[in-house]
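**Student:**
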Amino acid sequence: MKTYFSFISFLLLTLITFCCRSSPVSDTELKPKEKRESKETQLAKQFEKDSIYLSSFKSFKVKKISGKHKYGGSTKIEYESLLDVLKSSEKYWKKQLLSEDEVKEKLKYDKRKNRGGKIILKIDRSSIEAANNDNFKVVVRTMEGEEILRQQLKRKIPERPIVDRMWWNLEIIRLPSLLEFPFKVYVIDALNDDPFEFEVTGVK
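Our numbering numbers the first residue of the sequence shown as 1 and each following residue consecutively.
#1: So, do the stretch 164-178 and the stretch 142-155 have three or more beta carbon pairs nearer to each other than 8 angstroms?
#2: By how many angstroms is the C-alpha of K156 removed from the C-alpha of K49?
#3: Starting from the C-beta of T142, find all residues in its chain whose C-beta is less than 6 angstroms away, skip the five residues before and the five after it, and write them out in chain order.
#4: Any chance you could list the alpha helix (DSSP H) runs of at least 4 consecutive residues sitting entirely within the stretch 79-104, in chain order?
#5: Counting only the same chain and skipping the five closest in sequence on each side, list residues whose C-beta sits under 7 angstroms from that of F47.
#6: By DSSP, does I52 sit in helix, in strand, or in coil?
#7: Determine the direct distance from the alpha carbon of V187 to that of D84, and round the result to whole angstroms.
#8: What residues are listed by DSSP as bridge partners for C169?
#9: What does DSSP give as the partner residue(s) for E197 in the beta ladder?
#10: Under a three-way DSSP split, which group does V25 fall into?
#11: Using a Cβ distance threshold of 8 angstroms, determine whether the stretch 96-103 contacts the stretch 68-88, with at least three qualifying pairs required.
#12: Taking the C-alpha atoms as reference points, what is the distance between T201 and I120?
#13: Would you tell me roughly how many angstroms separate the C-alpha atoms of K122 and F136, rounded to the nearest one?
#14: Going by C-alpha to C-alpha distance, which of S66, L179 and G67 sits closest to K118?
#15: Let's test the definition: count the other Cβ atoms within 10 Å of the Cβ of T158 and tell me whether it reaches 16, buried, or not, exposed.
#16: Between A130 and the rest of its own chain, which residues show a CB-CB distance below 6 angstroms, the 5 nearest in sequence each way excluded?
#17: If you drop the 5 nearest sequence neighbours on each side, which residues of the same chain put their C-beta closer than 8 angstroms to that of V103?
#18: Using DSSP with H/G/I as helix, E/B as strand and the rest coil, what is E40?
#19: According to DSSP, what are the bridge partners of S59?
#20: Please classify V163: is it buried, with 16 or more other beta-carbons within 10 angstroms of its beta-carbon, or exposed?
#21: Using three-state DSSP, classify N192 as helix, strand or coil.
#22: According to DSSP, is L107 part of a helix, a strand, or is it coil?
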């Protein structure tokens with residue numbers, strides 16, 4: 001009889017141990033998922049606010065304030081807001097026949113990396129050396145002078161001249177944070193005495 005009760009006690013202990021090990025996932029283990037969901041929610045709310053602000057402008061224009069070319073050529077910038085970037089990006093990825101979910105993931109990337117939009121720098125120079133991107137640095141500042149971004153461009157071999165005998169190059173600068181309009185963009189050329197200054201303005 002004692003042997004029988006001992007056996008029953010052993011079975012009960014084993015069953016209790018198994019049930020404890022098979023318990024649901026702890027709150028601690030769920031936290032990473034909760035954090036991911038929180039980040040996605042935060043991104044969605046941030047995008048909603050940014051969209052309202054950007055939609056208050058009909059368009060954006062770039063005005064050159066100062067800067068002269070010591071050895072000829074041209075230095076130009078264009079600006080695309082986040083909404084412009086998303087529109088172009090969605091059109092491109094759909095053309096590549098990506099699934100709806102894949103397109104959404106691509107757009108999420110743009111929302112994170114291009115929140116402030118894109119600056120497209122276009123350079124024309126008379127020599128291949130002068131048109132190499134590693135000669136240039138881009139600085140973005142608010143109208144009050146607060147520096148938002150400073151980016152030294154990496155070496156990139158220019159494209160060959162076609163018509164006007166100018167070597168040309170371009171670079172896309174991503175702005176990680178949304179800026180108030182207007183704001184300033186400076187292009188520093190190592191071969192020129194002074195930087196080129198531009199102003200990006202929202203048109204209502």
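For each residue, glycine too, the CB sits at the ideal point set by N, CA and C.
**Tutor:** Working from what's here:
#1: yes
#2: Numbered from 1 along the sequence shown, position 49 holds the residue referred to as residue 49. Numbered from 1 along the sequence shown, position 156 holds the residue referred to as residue 156. So the two alpha carbons sit approximately 37 angstroms from each other.
#3: Position 142 of the sequence shown holds residue 142. So the qualifying residues of the chain are F183.
#4: Entirely contained in the stretch 79-104, the alpha helix (DSSP H) runs reaching 4 residues are, in chain order, 82-95.
#5: Here residue 47 refers to the residue found at position 47 of the sequence shown. The answer, listed in chain order, is K111.
#6: Mapped onto the sequence shown, residue 52 falls at position 52. Looking at I52 - three-state DSSP - the assignment turns out to be helix.
#7: Counting from 1 along the sequence shown, the entry for residue 84 is found at position 84. Counting from 1 along the sequence shown, the entry for residue 187 is found at position 187. Those two C-alpha atoms are separated by around 23 angstroms.
#8: Here residue 169 corresponds to residue number 169 of the sequence shown, with the count starting at 1. Correcting the residue identity first, residue 169 is Asn in this sequence and not Cys. BP columns for N169 point to I123.
#9: Against the sequence shown, residue 197 aligns to sequence position 197. E197 is bridged to S66 and Y186.
#10: Taking the sequence shown and counting its residues from 1, the one referred to as residue 25 is at position 25. With a pLDDT of 44 at V25, under the threshold of 50, the predicted position of this residue should be treated as unreliable, and no value is reported.
#11: no
#12: Position 201 of the sequence shown, counted from the first residue, corresponds to residue 201. Position 120 of the sequence shown, counted from the first residue, corresponds to residue 120. Their Cα atoms are separated by approximately 15 angstroms.
#13: For the purposes of this step, residue 122 is identified with residue 122 of the sequence shown, where counting begins at 1. For the purposes of this step, residue 136 is identified with residue 136 of the sequence shown, where counting begins at 1. Using only the alpha carbons, I get a separation of about 11 angstroms.
#14: Reading the sequence shown from its first residue, position 118 is the one you call residue 118. Residue L179 is the option with its Cα nearest to K118.
#15: For the purposes of this step, residue 158 is taken as the residue at position 158 of the sequence shown. Looking at the sequence shown, residue 158 is not Thr but Pro. Buried, since its Cβ has 16 or more Cβ neighbours within 10 Å.
#16: Here residue 130 corresponds to residue number 130 of the sequence shown, with the count starting at 1. Here the set comprises L191.
#17: Within the sequence shown, numbered from 1, the residue matching residue 103 stands at position 103. The answer, listed in chain order, is E90, W93 and K94.
#18: In the sequence shown, counting from the first residue as 1, residue 40 sits at position 40. Helix, per DSSP.
#19: As a first step, residue 59 is located in the sequence shown; it is residue number 59 there, counting from the start. Answer by DSSP bridge pairing, in chain order: V203.
#20: On the sequence shown, residue 163 is found 163 positions in, with the first residue counted as 1. It is exposed - the Cβ of V163 has fewer than 16 other Cβ atoms within 10 Å.
#21: Locating residue 192 in the sequence shown gives position 192, counting from the first residue. Correct three-state label for N192: coil.
#22: Within the sequence shown, numbered from 1, the residue matching residue 107 stands at position 107. If DSSP states are grouped into helix, strand and coil, L107 belongs with the helices.
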